[in-house]
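A.B. asks: So the sequence lines, in the order shown, correspond to chains A and B.
The UniProt record's numbering puts the first sequence at residues 1 to 331.
The UniProt record's numbering puts the second sequence at residues 1 to 331.
Okay, here's the structure, questions in a sec.
2 protein chains.
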Amino acid sequence: MKKFLNDPKQFVPEMLRGIALANPDTITYVPEYNLIMRSDAPRHDKVSIVQGSGSGHEPAHVMVVGPGMLDAACPGDVFAAPPSDYVYETTKRLASDKGVLLLVNNYTGDKMAFEMAAELSEADDIKVATLFINDDVAVTDSLYTVGRRGVAGNFFVIKCCGALAEEGAELEDVVAIGEKVNSVTRTMGIALTACTPPAKGSPLFDLGDDEMEVGVGIHGEPGRRRAKLTSADEIVDELLHAVVSDLPFEKGDRVALMINGLGGTPISELYLLYGIAAQKLADQGITIARSYVGNYCTSLEMAGASLTLVRLDDEIERLLEAPASTVVRIF
Amino acid sequence: MKKFLNDPKQFVPEMLRGIALANPDTITYVPEYNLIMRSDAPRHDKVSIVQGSGSGHEPAHVMVVGPGMLDAACPGDVFAAPPSDYVYETTKRLASDKGVLLLVNNYTGDKMAFEMAAELSEADDIKVATLFINDDVAVTDSLYTVGRRGVAGNFFVIKCCGALAEEGAELEDVVAIGEKVNSVTRTMGIALTACTPPAKGSPLFDLGDDEMEVGVGIHGEPGRRRAKLTSADEIVDELLHAVVSDLPFEKGDRVALMINGLGGTPISELYLLYGIAAQKLADQGITIARSYVGNYCTSLEMAGASLTLVRLDDEIERLLEAPASTVVRIF
């Protein structure tokens, strides 16, 4: 295992401390609950948007806290759901007059933790809603999931919910936009290598030197098939076909296209994939109105990528365009 | 070799095409010269800022083209200087009434290409200046360098030159700020793995499963020493001591701190390093006024990181704060 690491058990807290130290004016860190929150939260003029999940997917979700995005994130340990009491304590701290929206990627452990926390919060008279994200078309049911998995497409749900919440919308309207975005968002990923959780110390799965896992999950869950590594053109063909045929996306659609890196793949390769996908979408008469290339939802240092399409309408496009800022930034 | 790739010879052009397709309104791509430029360049009310270098360091430099940053980048092939005629053609296209500033990381090949292009441009009566960046404290003279190497600290030179140029400053003033920033910027890096150039197909160097290269160059050049992999705490100690003692940075200094990923290291580990470095700087009475965590200047998919400090004054801090936008972005 080759990582920048002290004690594997302190990997998540040390990362969170780094986030807090890099953002002293805007971020509050509550170590007892792995909680990273906007320093100005809760704001009672807006719905609080919260997401938690296992760690290891950074920048999701602890680094997408900020105006127009999440009000808080409460991660678990690497690839482990946050304990329900972490989520409950987070919900209490984020309780605003307008309510709290809990965004949850669809994994059984996360679902249980967030549903329990939501029940406890409601018993405290906190107005709370829960929304599950399941954009991964690769498989139905998986190692940790009943139904479809939530992966990089969660970025678009967060962005639109965050933008509408920032405008002062009511909880039910923020839930409605989140459900709409989730319903038109589709993703599939591919792994070129496995990844190594710090506490495990060895790769999560074995992948031959000439193999790839098509449809991989962001915790290394099996996808649709194990295959010999092929060209970038063929890979994009397979990802694009899976995603486009699922909704389906059709000629005349306006879309957002995301090429998301899984952690160990350089951005040069992601732009190479983007160029191929963009050309193929143009050939199908599908218009890319917004593009996203980079690491959004990763799997530690896994080499790989996912492709996400979102079918846009005026409302979604307006919310994607709205200003936002996060922990992760260039300048 | 596990990469998203078609023909290794087309790796750079396919990446550049992806950049162009993702930014149809703001970026112009001139395939004959690997040239990525702002669509509104040259603007005669500002100095044009240009940087070229080998590819494989993305987002540097083709993805940091945009308002307040570079007007253009003309990369060579992976880890190879751009041909001097590419630089010359770039300079001709970017020639503005206020002149062209060529920023060059200090490598012998790049230096030759840019100096020759600058001479040809001057013969055409183009007002041109050249500025060499050499922030890497690890070694003096290296595989491809006489003197010190230019690495991730070039971001700060670009940012300050870009911001001052945007204000309409004269060429000599933009050169002066670039020289000042370079003179107060220091970096050292560390590799946990090698990287594989697409056309080579095998790792650039060998590094044992329990080894690290301290002071590595961004083309895999040897650093100060090969050592057994140690804890993140010890690594930060070594990088920080090398950088702080070089300028030297002193108690009472205000600084920018960058933890730059070399391509294959996830941002979670970079924030972990940041947290350690921030604490150690605070202990030394050095104040971090601005923080940068992420991939700025990479070495393909190399696992590793570098640490950069910049000593701030009011002018540098103001220019770092100025608005800017680039090809690489979150939203």
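The beta-carbon is built from N, C-alpha and C at its ideal position, and this holds for glycine as well.
On a predicted model such as this, the values are computed, not experimentally measured, just so you know.
In chain order, which continuous runs of the alpha helix (DSSP H) of length 4 or greater are located wholly inside the region 94-164 of chain B?
C.D. replies: DSSP runs (the alpha helix (DSSP H)) wholly in the region 94-164 of chain B: 108-123.
A.B. asks: Measure from the C-beta of Asp-233 (chain B) to each C-beta in chain A and report whether the shortest distance is under 9 Å.
C.D. replies: With 9 Å as the cut-off, Asp-233 (chain B) counts as an interface residue toward chain A.
A.B. asks: With which residues is Gly-304 (chain B) paired in a DSSP beta bridge?
C.D. replies: DSSP, once it has assigned bridges, lists B:Ala-191 as partnering Gly-304 (chain B).
A.B. asks: For a test of the three-state rule: what should DSSP assign to Leu-35 (chain A), helix, strand or coil?
C.D. replies: Three-state result, Leu-35 (chain A): strand.
A.B. asks: So which residues on chain B does Lys-2 (chain A) lean against when the C-beta distance must stay under 7 Å?
C.D. replies: Within 7 Å Cβ-Cβ: Leu-192, Thr-193, Leu-229 and Ala-303.
A.B. asks: Beta-carbon of Val-293 (chain B) versus every beta-carbon of chain A: anything under 9 Å?
C.D. replies: So, interface residue.
A.B. asks: Using three-state DSSP, classify Asn-182 (chain B) as helix, strand or coil.
C.D. replies: Reduced to three states, the DSSP call for Asn-182 (chain B) is helix.
A.B. asks: What residue ranges within the region 215-260 of chain A form continuous beta strand (DSSP E) runs of no fewer than 3 residues, ordered along the chain?
C.D. replies: Those beta strand (DSSP E) runs which fall completely within the region 215-260 of chain A and span 3+ residues are 225-228.
A.B. asks: Tell me Tyr-29 (chain B)'s beta-bridge partners as DSSP assigns them.
C.D. replies: Answer is B:Ile-36, bridged to Tyr-29 (chain B).
A.B. asks: Does DSSP put Ile-330 (chain B) in a helix, a strand or coil?
C.D. replies: Residue state, collapsed to three classes: coil.
A.B. asks: Could you tell me the alpha carbon to alpha carbon distance between His-241 (chain B) and Arg-149 (chain B), rounded to whole angstroms?
C.D. replies: Rounded to the nearest angstrom, the two C-alpha atoms are 18 Å apart.
A.B. asks: Under 9 Å between beta-carbons, which chain A residues line up against Gly-263 (chain B)? List them in chain order, please.
C.D. replies: Within chain A, the residues near Gly-263 (chain B) are Gly-264, Thr-265, Pro-266, Ile-267 and Ser-268.
A.B. asks: Applying the 10 Å Cβ sphere with the 16-neighbour rule, what's the burial state of Leu-143 (chain B)?
C.D. replies: Counting Cβ neighbours within 10 Å, Leu-143 (chain B) comes out exposed, since fewer than 16 surround it.
A.B. asks: Pull up the DSSP beta-bridge partners for Val-65 (chain A), would you.
C.D. replies: Partner(s): A:Leu-70.
A.B. asks: Per DSSP, what kind of secondary structure is Gln-284 (chain B) in: helix, strand or coil?
C.D. replies: Coil.
A.B. asks: Hey, would you say Ala-152 (chain A) sits closer than 9 Å to Ser-306 (chain A), going by beta carbons?
C.D. replies: Cβ distance < 9 Å, so Ala-152 (chain A) and Ser-306 (chain A) count as in contact.
A.B. asks: Under the DSSP definition of a beta bridge, which residues are partnered with Arg-17 (chain A)?
C.D. replies: For Arg-17 (chain A), which the question treats as bridged, DSSP gives no partner whatsoever.
A.B. asks: Mind checking the region 245-260 of chain B against chain A and listing, in chain order, the residues whose C-beta falls within less than 8 Å of any C-beta there?
C.D. replies: Answer in chain order: no residues at all.
A.B. asks: What's the call for Ala-278 (chain A), buried or exposed, on a 16-neighbour Cβ count within 10 Å?
C.D. replies: Buried, since its Cβ has 16 or more Cβ neighbours within 10 Å.
A.B. asks: Return yes when the Cβ of Asn-106 (chain B) is within less than 9 Å of the Cβ of Phe-132 (chain B), no when it is not.
C.D. replies: Yes, these two residues count as a Cβ contact at 9 Å.
A.B. asks: Express the C-alpha separation of Val-100 (chain B) and Pro-266 (chain B) in angstroms, rounding to a whole number.
C.D. replies: Cα-Cα distance, rounded: 36 Å.
A.B. asks: So, under 8 Å CB-CB, Val-216 (chain A) and Ile-235 (chain A) are touching, yes? Tell me the CB distance rounded to an integer number of Å.
C.D. replies: Going by Cβ atoms, the distance from Val-216 (chain A) to Ile-235 (chain A) rounds to 12 Å, so no, they are not a contact pair.
A.B. asks: Out of A:Leu-273, A:Ile-259, A:Met-302 and A:Lys-280, point me to the one whose CA is closest to Arg-290 (chain A)'s CA.
C.D. replies: Cα-wise, what sits closest to Arg-290 (chain A) is A:Ile-259.
A.B. asks: Can you check DSSP and say which residues form a bridge with Val-50 (chain B)?
C.D. replies: B:Ala-72 and B:Leu-102, per the DSSP bridge assignment.
A.B. asks: Which word fits Lys-251 (chain B), buried or exposed, when buried means at least 16 other C-beta atoms lie within 10 angstroms of its C-beta?
C.D. replies: Exposed, because fewer than 16 other Cβ atoms sit within 10 Å of the Cβ of Lys-251 (chain B).
A.B. asks: Leu-16 (chain B) and Pro-31 (chain B): beta carbons closer than 9 Å?
C.D. replies: In this structure, Pro-31 (chain B) lies closer than 9 Å to Leu-16 (chain B) by Cβ.
A.B. asks: Are the CB atoms of Pro-24 (chain B) and Ser-55 (chain B) within a distance shorter than 9 Å?
C.D. replies: Cβ distance not < 9 Å, so Ser-55 (chain B) and Pro-24 (chain B) don't count as in contact.
A.B. asks: Could you give the DSSP three-state label for Glu-211 (chain B): helix, strand or coil?
C.D. replies: In the structure shown, Glu-211 (chain B) sits in a strand (DSSP, three-state: E or B).
A.B. asks: Taking CB distances under 9 Å as the criterion, tell me whether residue 337 (chain A) reaches chain B.
C.D. replies: Chain A is shown from 1 up to 331; residue 337 (chain A) falls before or after that span and cannot be answered.
A.B. asks: Check each residue of the region 13-24 of chain A: if its Cβ is closer than 7 Å to any Cβ of chain D, include it; give the result in chain order.
C.D. replies: In the structure shown, chain D cannot be found, because the protein chains are A and B.
A.B. asks: Tell me, please, whether the CB atom of Phe-132 (chain A) is closer than 9 Å to any CB atom in chain B?
C.D. replies: Judged by the 9 Å Cβ criterion, Phe-132 (chain A) is not in contact with chain B.
A.B. asks: Is Thr-187 (chain A) close to chain B? Criterion is C-beta to C-beta, closer than 9 Å.
C.D. replies: Closer than 9 Å: no.
A.B. asks: Contact check, Pro-198 (chain B) vs Lys-46 (chain B) under 8 Å by CB: the rounded distance?
C.D. replies: 36 Å between Cβ atoms; not a contact.
A.B. asks: Kindly indicate which three-state DSSP category Ala-80 (chain B) falls into: helix, strand or coil?
C.D. replies: Coil at Ala-80 (chain B), not helix or strand.
A.B. asks: Can you find a CB in chain B that lies within less than 9 Å of the CB of Gln-279 (chain A)?
C.D. replies: Yes, Gln-279 (chain A) counts as interfacial toward chain B.
A.B. asks: Can you list, in chain order, the residues of the region 28-40 of chain A whose Cβ is nearer than 7 Å to any Cβ on chain B?
C.D. replies: Cβ contacts with chain B come from no residue of the region 28-40 of chain A.
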